[in-house]
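Undergrad: Each residue of the first sequence is one higher than the last, beginning at 51 in this note's numbering.
Each residue gets a CB set at the ideal place from its N, CA and C atoms; glycine is no exception.
First the structure, which I've put down as structure tokens, then a few questions once you've had a look.
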Amino acid sequence: MNHLPDLNEEQKAAVEYSYGPSMIIAGAGSGKTRVLTYKIAHLLSSGVRPYEILALTFTNKAAGEMKSRIMKLAGRDANDVWMGTFHSIFARILRAEAHNIGFSRNYTIYDDSDSEKLTESVMKDLGLSTDNPKPKAVISHIKILKNKLILHDQLTDGNNSNSFQKIVHKVYPEYQTRLLKNNAMDFDDLLINPILLFRSYPDILEKYQRRFRFILVDEYQDTNLAQYEITKMLASLHRNISVVGDDAQSIYRWRGAEIENIFSFQRDFPDYKLFKLERNYRSTKKILSVADSIISNNRRQIRKSLFTEREDGERVVLNETLTDRDEAHLISKTILKEISSRKLNFRDFLILYRTNAQSRVLEDTLRLNHIPYVLVGGVKFYERKEIKDVLAYLKVLVNPKDDEALIRVLKLQDGIGDGTVDKLRSAAKEHSSSVYDVLIRFINEREGKQKRTRIEAGLLNLASLFRKYHEVMAEFSPGELVRSLIDETGIIRQLRNEGTIEANERMNNIQELLSGITEYSDKTDNPSLEGFLQEVSLVTDIDTYEDSKNAVTLMTMHSSKGLEFPVVFIAGLEDGIFPLLNSPPTQEELEEERRLFYVAATRAKDRLYMSYALQRYRFGSFCYQIRSRFLDEIDLSDIEFIRPSTQRNKVVQEVGSSIRYEYFNDLTDTNDHIVDKQIVRKGAVVFHEKFGRGTVIEVSGKGERRKAQIYFDTIGLKSLVLKYANLSIK
DNA sequence: ATGTGGGTGATTTTT
DNA sequence: TCACCCACAT
């Protein structure tokens, strides 16, 4: 690659600087990804072997996209570059090296809910109450410690440690012991264990130091201490390390990200070369200026001045509405209006919010307006019960030591509950073996004997199932194995018998899991069950998000990092929601929320709409909301500020130059929604969003609690509370 | 051991 | 609003 087209001077300089440490501070929309891809392509074309390059990204999706872009520039070599998230790269390295630190290559990865469950179990074992503190609070503190690289054997109980701390310090070591016993690692261990490995085995460290001659880290502002430590260790031999980030877009401090890593880098690699990408190619001037007016209220930031050569653009719009419903309607209307007035498609719109709970009204309203949408986030696919159930079978198969997975499976069996599980657990403890071993020993003793209780039959069944699959595991592809296993466990059959819509959805999810396995096998060189489980544990919703559908996108501001859309809506600009506040916020927390605002606003290329509602449904009841304090930090003179009148049914009036009052009577539901619930009488034919058409059989109760028995065509008889059912009549 | 019914408390954000 | 937990029944 002799010439670098489409790059400005600063980008080019950053791309061509290959040897020695460098830091690229890249403002929003300044072509950061382009620089990274060109940089890697440049290395490849100058003779560097692909496997000598380690590129660490924040999401799998980013890695995948970068890979395919590099492929276009540098060809197939791109495939062999070590590119992925910290977690997936080191999970992979750990599989090769785990035996050195007491794990085996088929170790299980625990997600957050697994970790929480394990914590609960540990607390119970230690005779601690799980009411106060709750396992959730304890594990989150353990995670804070782990993120700071404070290990379970380095805890010091100071004089001033309170009882909560004492509990955490008691649980933490036991939690780690249990993980080790289960041959399992949690998310943090995937970063900590490589460090421990490298510390104890300098020769192994050296092997990887030599291998990775060039190291690149994306989204550097969101790395935590463990991640910093790893990269530092790996880079210290060749020192060809390049970190790319933007301190203004650091939004994961709550998860242990340390902006300080930027300064640590400067300290540990004092000869680093600094590049600043300050030209924004994405947004209009007006959009940038709003983003800038928020972020400039932050004290702690690296000085840079983002500018754009783009036009001024349309004014940014701020909408006030009476209710969250109105807000959602207004967004829908605006989308339809924009589509008809400019040549835009549904896919050009992005709706952002602070918390996933806010998506609900928006979804309802979009559906009402027949606007197609895709939702990113929320209940994650791999966290659904039925999926976790299937995965638990696979986990046991791959790693029989995983007690937690086995117990999950055990409880799925007919006739086996807490009692049996407790017995098995204590038997395992007594023999200091795994539950799996106890199970196997048990059936070895019992097999052939006649009289069996229901419980024994269940145990026997399960154990022989695992034994059988263990023997044939090597002979079948992951897809075949799982398909047959699902078949044999009867999960699908069970769901089919249930016959409800929910069960049907679950079945579909399991089908989707199966196609997921097939897809994994197709794209992977040596597909294995371990590999699949690893991948599954580390994917996120944003990874699987495809922008091929022509639909409006909904997601949290956090998920939107790195994306861009022609038109962006930021909804719910209300104090308590955005900024999201619990107790009085610290300066630090407030600054992080501002950075989040900055990230959200800079997703927009051409148009930015912001909105807030005066009233919003929260926790099932109406709450009065106060508009976000961030709005007071913006210079409103250049913003189009639109609010509804306090009295309805009046004409539009102009007040001042920038405030316009409008009326949104057309925003209330005109779609035959039952406002007066009394309409629902015996014999009435009604429609429900999910269940479709139904006939009212019986009505009972008064006021809020008024209920109806309705016979639906799809699922039969159902009892619904009218207040929530949202029925309509056609 | 499992199903139900009512009371309750919860919302950040994610690898 | 809803999901989860506990108590109670079966």
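Tell me, please, which residues DSSP counts as bridged to Ser292.
TA: Mapped onto the first sequence, residue 292 falls at position 242. Paired residues: Ser72 and Leu266.
Undergrad: Taking the Cβ atom as the reference point for each residue, do Ala113 and Thr371 lie within a distance shorter than 8 Å?
TA: Residue numbering aside, residue 113 sits at position 63 when the first sequence is read from its first letter. Residue numbering aside, residue 371 sits at position 321 when the first sequence is read from its first letter. No, they are not a contact pair.
Undergrad: Mind checking whether Arg533 and Leu564 have CB atoms under 8 Å apart?
TA: On the first sequence, position 483 is the one that residue 533 refers to. On the first sequence, position 514 is the one that residue 564 refers to. In contact: Arg533 and Leu564 (Cβ atoms closer than 8 Å).
Undergrad: With distances taken Cα to Cα, identify the nearest neighbour of Trp304 among Val267, Ser190 and Ile490.
TA: Along the first sequence, one-based indexing puts residue 304 at 254. Considering only alpha carbons, the answer is Ser190.
Undergrad: When you compare only the Cα positions, how much space is there between Met557 and Val440?
TA: Numbered from its first residue, the first sequence carries residue 557 at position 507. Numbered from its first residue, the first sequence carries residue 440 at position 390. Each residue's Cα considered, the two are about 11 Å apart.
Undergrad: Less than 7 Å between C-beta atoms, sequence neighbours within five positions excluded: which residues of the same chain meet that for Val218?
TA: As a first step, residue 218 must be located in the first sequence, where it is residue number 168. Only Val188, His191 and Ile192 meet the Cβ criterion.
Undergrad: Going by DSSP in three states, Glu59 sits in which element: helix, strand or coil?
TA: Taking the first sequence and counting its residues from 1, one reaches residue 59 at position 9. Of the three classes helix, strand and coil, the one that applies to Glu59 here is helix, per DSSP.
Undergrad: In whole angstroms, give me the CA-to-CA distance for Ser12 and Arg679.
TA: Lying outside 51 to 780, the shown extent of the chain, residue 12 is not represented and no answer is given.
Undergrad: What does the Cβ neighbour count give for Glu59, buried or exposed, with the cut at 16 atoms within 10 Å?
TA: In the first sequence, residue 59 corresponds to position 9, counting from 1. Glu59 is exposed by the Cβ-count criterion.
Undergrad: Using only the alpha-carbon positions, how far apart do Lys62 and Lys82 sit?
TA: In the first sequence, counting from the first residue as 1, residue 62 sits at position 12. In the first sequence, counting from the first residue as 1, residue 82 sits at position 32. Taking the straight line from one Cα to the other gives about 12 Å.
Undergrad: When DSSP builds the beta bridges, which residues end up paired with Ala276?
TA: Here residue 276 is taken as the residue at index 226 of the first sequence, counted from 1. Answer is none; Ala276 lacks a bridge partner.
Undergrad: In terms of alpha-carbon separation, which member of Leu368, Asp625, Asn330 and Ser514 lies closest to Arg84?
TA: Indexing the first sequence from 1 puts residue 84 at position 34. For the residues Leu368, Asp625, Asn330 and Ser514, the minimum Cα distance to Arg84 belongs to Asn330.
Undergrad: If we call anything under 8 Å between Cβ atoms a contact, is Glu328 one with Gly77?
TA: Taking the first sequence and counting its residues from 1, the one referred to as residue 328 is at position 278. Taking the first sequence and counting its residues from 1, the one referred to as residue 77 is at position 27. Against a cut-off of 8 Å, the Cβ pair of Gly77 and Glu328 comes out as a contact.
Undergrad: Can you give me the start and stop residues for the beta strand (DSSP E) that Ala663 sits inside?
TA: Numbered from its first residue, the first sequence carries residue 663 at position 613. Looking at the DSSP string, the run of the beta strand (DSSP E) that includes Ala663 is Ala654 to Arg668.
Undergrad: Per the DSSP calculation, Asp321 is bridged to which residue(s)?
TA: The residue you call residue 321 lines up with position 271 of the first sequence. DSSP output for Asp321 lists no bridge partner at all.
Undergrad: Starting from Thr568, follow its DSSP beta bridges and name the residues at the other end.
TA: One-based indexing of the first sequence puts residue 568 at position 518. For Thr568, which the question treats as bridged, DSSP gives no partner whatsoever.
Undergrad: Within 10 angstroms of its Cβ, does Val705 collect 16 or more other Cβ (buried), or is it exposed?
TA: As a position in the first sequence, residue 705 is number 655, starting the count at 1. At Val705 the pLDDT is 38, less than 50, meaning the model places this residue with poor confidence; the figure from the coordinates comes in the next sentence. Val705 should be labelled exposed.
Undergrad: Just how far apart, CA to CA, sit Pro244 and Asp468?
TA: Here residue 244 corresponds to residue number 194 of the first sequence, with the count starting at 1. Here residue 468 corresponds to residue number 418 of the first sequence, with the count starting at 1. Pro244 and Asp468: Cα-Cα distance of roughly 36 Å.
Undergrad: Tell whether a beta-carbon distance below 8 Å holds between Lys786 and Lys326.
TA: The chain is shown only over 51 to 780; residue 786 falls outside these bounds and no answer can be derived.
Undergrad: Go ahead and pull the three-state DSSP assignment for Lys231.
TA: Here residue 231 corresponds to residue number 181 of the first sequence, with the count starting at 1. Lys231 falls in the helix class under three-state DSSP.
Undergrad: Just grab the DSSP bridge partners of Ser671 for me.
TA: By one-based count along the first sequence, residue 671 stands at place 621. Looking at the DSSP assignment, Ser671 forms a beta bridge with Arg668.
Undergrad: Tell me where the beta strand (DSSP E) around Tyr403 begins and ends.
TA: Numbered from its first residue, the first sequence carries residue 403 at position 353. Looking at the DSSP string, the run of the beta strand (DSSP E) that includes Tyr403 is Phe399 to Tyr403.
Undergrad: Would Leu613 and Arg657 qualify as a contact pair, given that the criterion is a beta-carbon distance under 8 Å?
TA: Counting from 1 along the first sequence, the entry for residue 613 is found at position 563. Counting from 1 along the first sequence, the entry for residue 657 is found at position 607. Taking 8 Å as the Cβ cut-off, Leu613 and Arg657 do not qualify as a contacting pair.
Undergrad: Would you list the one or two residues that DSSP bridges to Gly626?
TA: What you label residue 626 is simply residue 576 of the first sequence in a count that begins at 1. In the DSSP assignment, the residues bridged to Gly626 are Leu630.
Undergrad: Kindly give me the distance between the Cβ atoms of Leu324 and Ala621, rounded to whole angstroms, as I take these residues to be in contact under 8 Å.
TA: As a position in the first sequence, residue 324 is number 274, starting the count at 1. As a position in the first sequence, residue 621 is number 571, starting the count at 1. 37 Å between Cβ atoms; not a contact.
Undergrad: What are the start and end residues of the alpha helix (DSSP H) that includes Arg260?
TA: Within the first sequence, the letter at position 210 stands for residue 260. Here the alpha helix (DSSP H) through Arg260 covers Pro252 to Arg261.
Undergrad: Give the list of continuous beta strand (DSSP E) stretches no shorter than 3 residues that lie fully inside the segment 347-377.
TA: Uninterrupted beta strand (DSSP E) stretches at least 3 residues long and entirely within the segment 347-377 occur at 366-373, given in chain order.
Undergrad: Take Asn395 and list the residues in its own chain whose beta-carbon comes closer than 6 Å to its own, dropping the five residues that flank it on each side.
TA: Within the first sequence, residue 395 is the residue found at index 345, counting from 1. Closer than 6 Å at the Cβ level, and outside the excluded window around Asn395, lie Asn600.
Undergrad: Using 8 Å as the threshold, is the C-beta distance between Leu512 and Gln544 below it?
TA: Numbered from its first residue, the first sequence carries residue 512 at position 462. Numbered from its first residue, the first sequence carries residue 544 at position 494. In this structure, Leu512 lies away from Gln544, with their beta-carbon atoms at least 8 Å apart.
Undergrad: Considering just the uninterrupted stretch of the beta strand (DSSP E) at Phe237, what are its terminal residues?
TA: The residue you call residue 237 lines up with position 187 of the first sequence. Counting along the chain, Phe237 falls outside any beta strand (DSSP E), and DSSP gives it neither H nor E.
Undergrad: Would you mind giving the Cβ-Cβ distance between Glu433 and Asn559, rounded to the nearest angstrom? I have them listed as a contact below 8 Å.
TA: By one-based count along the first sequence, residue 433 stands at place 383. By one-based count along the first sequence, residue 559 stands at place 509. So it is not a contact: roughly 11 Å between Cβ atoms.
Undergrad: With H, G and I counted as helix, E and B as strand and the rest as coil, what does DSSP make of Tyr160?
TA: Against the first sequence, residue 160 aligns to sequence position 110. Of the three classes helix, strand and coil, the one that applies to Tyr160 here is strand, per DSSP.
Undergrad: Who are the Cβ neighbours of Glu506 in its own chain at under 7 Å, not counting the five residues just before and after it?
TA: If you number the first sequence from 1, residue 506 lands on position 456. The beta carbon of Glu506 is closer than 7 Å to those of Arg496 in its chain, skipping five residues each way along the sequence.
Undergrad: Would Pro252 be called buried (16 or more neighbouring beta carbons within 10 Å of its own) or exposed?
TA: Residue mapping note: residue 252 aligns to position 202 of the first sequence, counting from 1. Flag for Pro252 reads exposed.
Undergrad: Would Met121 and Met133 qualify as a contact pair, given that the criterion is a beta-carbon distance under 8 Å?
TA: For this step, residue 121 is matched to residue 71 along the first sequence. For this step, residue 133 is matched to residue 83 along the first sequence. Not a contact, by the Cβ cut-off of 8 Å.
Undergrad: Which residue wins for smallest C-alpha separation from Leu644, given the options Phe628, Ser165, Lys655 and Pro634?
TA: One-based indexing of the first sequence puts residue 644 at position 594. Per the sequence shown, residue 644 should be read as Arg rather than Leu. Arg644 has its Cα closest to that of Phe628, out of Phe628, Ser165, Lys655 and Pro634.
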